[in-house]
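If you read the sequences in order, they're chains A and B. Note that the working numbering has the first sequence beginning at 1, numbered continuously upward. Note that the working numbering has the second sequence beginning at 1001, numbered continuously upward. Heads up, the beta-carbon is just placed ideally off N, CA and C, and yes, glycines get one too. For reference, the structure discussed in these notes is given below.
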Amino acid sequence: MENLSLMMAPLFSSKLLLVLFFGTLFGLILGVLPGLGPTTGGALILPFTMTLDPLSAIVLLTSIYCAGTYGGAITAILINTPGTPAAAATCLDGYPLAQKGEAGRALGMATVSSTVGGIFSVIVLVFFAPLLAKLAYEFGQPEYFALAIFGLTMLASIGDGSPIKNLIAGAFGILISTIGKDFMTSIDRFTYGINELSEGIGFIPVVVGLFAISEMLTQSTMLDQVFKRVALKAVRLPTLKDYKLTWKTILRSSGIGSFIGVLPAEGGTVASLIGYSEAKRWSKNPEEFGKGSIEGIAGAEAANNAATGGAMVPTLALGIPGSATTAVILTGLIIHGVRPGPDLFREQPEFLYGIFGSMLIANILFFIFGFFGAKLFARITLVPNKILWPMIFAVSVCGIYSLSQSIIDVWIMLFFGVIGFFMRRYGFSVVPVIIGLILGELVEGTLRQSLVIFDGNWLMFFTRPIVLTFFILSTIALLFSLFKRKNKI
Amino acid sequence: MNSVQNKKRANKTSLPFFLKDEFKVSFIIIFISIILLITTFTFDIVPPILNRGIQPATFPKALLVLIISLTTIIYYLSIKKPWKVEKKLPKEFFLTLFTFILFIIISKTLDFFLAISALSIVVSYYWGEKRIFYLLLVSIIFPLIVFIFFETILGLRFPPGIITNIYYN
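Given below as structure tokens:
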């Protein structure tokens, strides 16, 4: 009961309501614009959150996450281009249905199933995050090391590219985290006598560079791309017949999405693909899939929005990001001095339940915005890249400069933008770099502290049951992703 | 579709190995990793009495060895199955890249605001925007709004330069 009142607290704070309003609106705009999305948008907004208190900052980021994930569906349905990668499966049936003159029905179903999936996942978050955090009380340094290794092995299955390239990218991210003074001995590493590097490389310039600036370079190679937009009269709520046809699919996909979201480093993209394929498998009309099936839209959209709450479970309970966007949210937590983990649940329940409540409200807000404003949001796609991206660049540069009033940070952002572009061009995902960068200090710190505890005996790791379990899970996860994608290695 | 892909791959196999993307990418990763690995040998060594667990250089060394090993594996695998052929980069990409360099030079020597304006106008123009109003919008009006927003609302002081000095004076 007490937790419920903590969850409802944002409703009674005008400041948080305002943050939620703008976060949801901004998230929707970002989700609608192909190439941006909640991850890049979250990265762009990170420097601005420095002016907010920690709760408002995280509420802003989580509302962008929830609304941005849904926003991708609008573009997927109307222009056959997913606004976010998580909406890729929505294109399969959303666009064909829109072409049949039923864009309003398709968007209505996407809005309802996204809202149900999102709310379902917040309930999962409220119940499972404290349980996982309780489990983490048993963890010492060796267990955290093994957990971080498990999180890193899950990187192999990110995206649809080569698992080995993902692992290289993850190792590169951890390597970046070693730049600067060694936190245990204060010895300089990879600083090459440059004073600015002694403090290490900040998260935000790397995140904005890898997501926003590399996307700007990618857009420069796609200027001839033309979008064909399907006309939309108004969003229509699904009919009773639609509900009868899809309620099981929505619930199933909500469960699938929440579960996939909980797995470290997985996220909405994987969830929506599985949600879609399961919807097809259980459907009485599988032959309609790909031709404008309402069940296909419901399956994909409920799953990708359900992954938002799921992905927040390991992020808040263990400090291991559940998806690319939660990696950005985790960065937000760290720069605001909030260390996720069991202590957070014990010491700051009002902070956590404030986040849970805000996510719930964000899901309701994007339903309202989506239902009444989808037509307007769809028009945002008409803003040409030749105007949009120079503006994004100006905001990115000023935002990064504002962090520590250092021009070096801006150069670092540009450098990682170029690196990110070439990584993506040659099939290396940039998400593992961010997750590696975030987990780098945890991996090295816990490894070295564990070795102090074990008096330098590496074999002692295998004497602890939780560590052994995580090592076995890591091996299985790695072998599974290598086997599953043997064609893409 | 598959036959086109195979044809592209077949054409690609006729290139000498050092001109293929697989080799170039793997070579660059391994080359940089080796340089960084050599650097790790220059890190200070902590005396045993102060050393906690492992030396500060050990962890980065292990990571670099891992990166080199995994890159060798992907190169070996690419011999059997070449990577997808990437489209040649258009001139707009190189122009955008050039504007980044221009931005760094102008922001360091002349003015931060001017650097943003210069990049915005060049990028917008070469990406296809020829209308004067929109060029002014992205290069002057919008950066000015951003500048004032950061300056007044967030209290940020921009680095000195020919334009910012006029504003601050």
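{"query": "CB contact check: B/Thr1071 to chain A, cutoff 8 Å", "result": "yes"}
{"query": "Contact set between A/Tyr426 and chain B, taken where Cβ atoms lie within less than 8 Å", "result": "Asp1021, Val1025, Trp1083 and Glu1086"}
{"query": "Any C-beta of chain A under 8 Å from that of B/Asp1044", "result": "yes"}
{"query": "Cβ-Cβ distance between A/Ala87 and A/Asn285 below 8 Å", "result": "no"}
{"query": "In DSSP terms, what A/Glu181 is bridged to", "result": "Position check: residue 181 of chain A holds Lys in this sequence, whereas Glu was assumed. Looking at the DSSP assignment, A/Lys181 forms a beta bridge with A/Asp188."}
{"query": "Buried or exposed (CB count within 10 angstroms, at least 16 for buried), A/Ser474", "result": "buried"}
{"query": "8 Å Cβ cut-off: residues of chain B touching A/Ile387", "result": "Ser1124, Glu1129, Tyr1134, Leu1137 and Val1138"}
{"query": "Short-range partners of chain A found in the stretch 1085-1110 of chain B, where Cβ spacing is below 8 Å", "result": "Glu1086, Lys1087, Leu1089, Pro1090, Glu1092, Phe1093, Leu1095, Thr1096, Leu1097, Phe1100, Phe1103, Ile1104, Ser1107 and Lys1108"}
{"query": "8 Å Cβ cutoff, A/Ala394 in contact with chain B", "result": "yes"}
{"query": "Min CB distance A/Ile194 to chain B below 8 Å", "result": "no"}
{"query": "First through last residue of the alpha helix (DSSP H) which encompasses A/Ile294", "result": "Ile294 to Leu318"}
{"query": "CB contact check: B/Gly1161 to chain A, cutoff 8 Å", "result": "no"}
{"query": "B/Met1001 burial status per 10 Å Cβ neighbour count (16 or more: buried)", "result": "For B/Met1001, the pLDDT reaches just 44, beneath the cut-off of 50, and the residue's location in the model is therefore unreliable, although a value from the coordinates is still provided. Burial call: exposed."}
{"query": "Straight-line Cα distance separating A/Ser258 from A/Leu131", "result": "15 Å"}
{"query": "A/Ile472, DSSP secondary structure in three states", "result": "helix"}
{"query": "Unbroken alpha helix (DSSP H) run spanning A/Tyr401, endpoints", "result": "Asn385 to Ser404"}
{"query": "is_contact[B/Phe1017, chain A] using C-beta, thresh 8 Å", "result": "no"}
{"query": "Straight-line Cα distance separating B/Lys1088 from B/Ile1030", "result": "24 Å"}
{"query": "CB contact below 8 Å: B/Met1001 versus chain A", "result": "Note that B/Met1001 scores 44 on pLDDT, short of 50, meaning its location in the model is unreliable; the coordinates nonetheless yield the value given after this. Not an interface residue."}
{"query": "Reduced DSSP secondary structure (H/G/I, E/B, other) of A/Leu365", "result": "helix"}
{"query": "Buried/exposed call for B/Tyr1076, threshold 16 Cβ in 10 Å", "result": "exposed"}
{"query": "Neighbourhood of A/Pro38 by C-beta, 7 Å cutoff - its chain only, sequence neighbours within 5 removed", "result": "Gly27, Leu30, Gly31, Ile64, Tyr65, Gly68, Thr69, Thr84 and Thr325"}
{"query": "Below-8 Å beta-carbon distance, B/Pro1143 vs any chain A residue", "result": "yes"}
{"query": "For A/Ala298 and A/Ala317, the rounded distance between their alpha carbons", "result": "29 Å"}
{"query": "Span of the alpha helix (DSSP H) around A/Ile213", "result": "A/Ile213 -> no alpha helix (DSSP H), and no H or E assigned at all."}
{"query": "Alpha-carbon spacing of B/Gly1155 relative to A/Cys398, whole angstroms", "result": "12 Å"}
{"query": "A/Ser214 vs A/Gly267 beta-carbon contact at 8 Å", "result": "no"}
{"query": "Listed by chain order, chain B residues near A/Trp458 by CB distance under 9 Å", "result": "The premise fails here: A/Trp458 is roughly 10 Å from chain B at the closest Cβ pair, so nothing lies under 9 Å."}
{"query": "DSSP-derived helix/strand/coil call for A/Val338", "result": "coil"}
{"query": "When A/Met50, A/Leu482 and A/Thr62 are compared against A/Phe366, the one with the closest alpha-carbon", "result": "A/Thr62"}
{"query": "A/Thr24 versus B/Arg1157 - alpha carbon distance", "result": "30 Å"}
{"query": "Closer than 8 Å to chain A by CB, B/Leu1114", "result": "no"}
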